[in-house]
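Below is one structure, written out as structure tokens; the observations come after it.
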Amino acid sequence: MNGIAAVLKRVEFPMLLAGIIIAGGMWGFLELMEVARDTSPHSLDSEILLFFRVPGHPEMPIGPAWLQGAMRDITALGSASVLTLITAAAAIYLFLIKRPATALFVIASIASGQMLSSLLKAGVDRPRPELVSHLAQETSLSFPSGHAMISALVFLTLGALVSRVVHGRTTKIYVLSLAVFITLLVGVSRIYLGVHWPSDVLAGWCAGFAWAMLWWLAARLLQRRGEPEIDE
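Structure, rendered in structure tokens:
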């Protein structure tokens, strides 16, 4: 017990929290992967998907007419083109302020996350839901949601970077909360548009949060080993 207590004293709370998020994200993803591999859709998946449609009319989304357009706009925040543009803009800025190691770290974390998402989609091979009509055109596989996963990775990574330079605890919490909020909105929009099962989105969040925290943890360890330019 004394040995464990000594180890815990040496571990910073943020690093311990990151480890918990990584472990929880991996566990959640593996559990959801079993759901995705079932031959028939999970009942809760179906119920949530139908919740966003007019009862008896799976082709009609709930809400006013403008909401469908708003959801398409929100889902675009998690598209590959928008996230690539955001990542490139952030990386160029980091290069301009002479922080090339941080820029390369950001690029590596997000690029590797995109590759992981593609590999996971191919490995699980889950088709898109056919229970409701699709309100956006998609051609890739369904599990996990790439929009949910990569938006979590990009916005959390950049949110963590911004939180390092803003002043005040309240401002830091606001920046990180905004990153999480945008990520959640993107995921919900995928379900509303009928292009993903809810379990796809949940799995994307689990994988995205875990991957972001894994790279954040790596950055902290590099800092401790004498790489002060690498920021979280």
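Note that the sequence shown covers residues 45 to 276 in my numbering.
Beta carbons: idealized from backbone N, C-alpha and C, even for Gly.
Can you find the residues in the same chain that come closer than 7 Å, C-beta to C-beta, to residue i, ignoring five residues on each side of it along the sequence?
i              : result
valine 198     : Leu127, Ile130, Thr131, Ile154
aspartate 169  : Leu185
leucine 148    : none
alanine 180    : Arg116, Thr119, Leu237, Val239
isoleucine 235 : Ile92, Leu93, Phe96, Pro242, Val245
glutamate 182  : Arg172, Val239
isoleucine 65  : Phe253, Ala254, Met257
leucine 60     : none
isoleucine 106 : Phe96, Arg97, Val98
alanine 62     : Met257, Trp260, Leu261
Give me, in chain order, the residues of the same chain whose beta-carbon lies closer than 8 Å to that of residue i; leave out the 5 immediate sequence neighbours on both sides.
i             : result
proline 4     : Outside the displayed span of the chain (45 to 276) sits residue 4, for which this structure offers no information.
lysine 165    : Ser184, Leu185, Ser186, Phe187, Pro188, Gly190
leucine 74    : none
histidine 178 : Arg172, Leu237, Gly238, Val239
valine 79     : His86, Asp89, Ser243
arginine 195  : Residue 195 is actually serine in this sequence, not arginine. Leu121, Gly122, Leu127, Ile226, Thr227, Val230, Gly231, Gly252.
Secondary structure at residue i, three-state DSSP: helix, strand or coil?
i              : result
valine 210     : coil
leucine 44     : Within the shown structure, residues of the chain are numbered from 45 to 276, placing residue 44 beyond reach of any answer.
leucine 175    : coil
alanine 247    : helix
tryptophan 259 : helix
histidine 191  : helix
glycine 196    : Per the sequence shown, the amino acid found at residue 196 is alanine instead of glycine. Correct three-state label for alanine 196: helix.
proline 254    : Note on identity: in this sequence residue 254 is alanine, with proline being the wrong assignment. Here alanine 254 sits in helix by DSSP.
glycine 63     : helix
leucine 220    : helix
tryptophan 71  : helix
arginine 234   : helix
leucine 265    : helix
alanine 180    : coil
valine 150     : helix
valine 239     : coil
Skipping 5 residues on each side, what residues in its chain have a beta carbon closer than 6 Å to that of residue i?
i             : result
leucine 76    : Ser243, Leu246, Ala247
threonine 215 : none
cysteine 250  : Gly69, Gly72, Phe73
alanine 192   : Gly231, Val245, Gly248, Trp249
proline 102   : Val176
aspartate 259 : A small fix is needed here, since residue 259 is tryptophan in this sequence, not aspartate. Excluding sequence neighbours, tryptophan 259 sits near Ser153.
valine 51     : Note that valine 51 scores a pLDDT of 46, beneath 50, so its modelled location is shaky and nothing firm can be said.
Could you name each continuous alpha helix (DSSP H) segment of 4 residues or more that falls completely within the region 78 to 145, going from the start of the chain to the end? 87 to 95, 109 to 120, 124 to 140
Okay, do the region 134 to 153 and the region 220 to 230 touch, 3+ Cβ pairs below 8 Å being the bar? no
Closer than 8 Å is the cut-off here; do at least three beta carbon pairs connect the region 83 to 99 with the region 199 to 206? no
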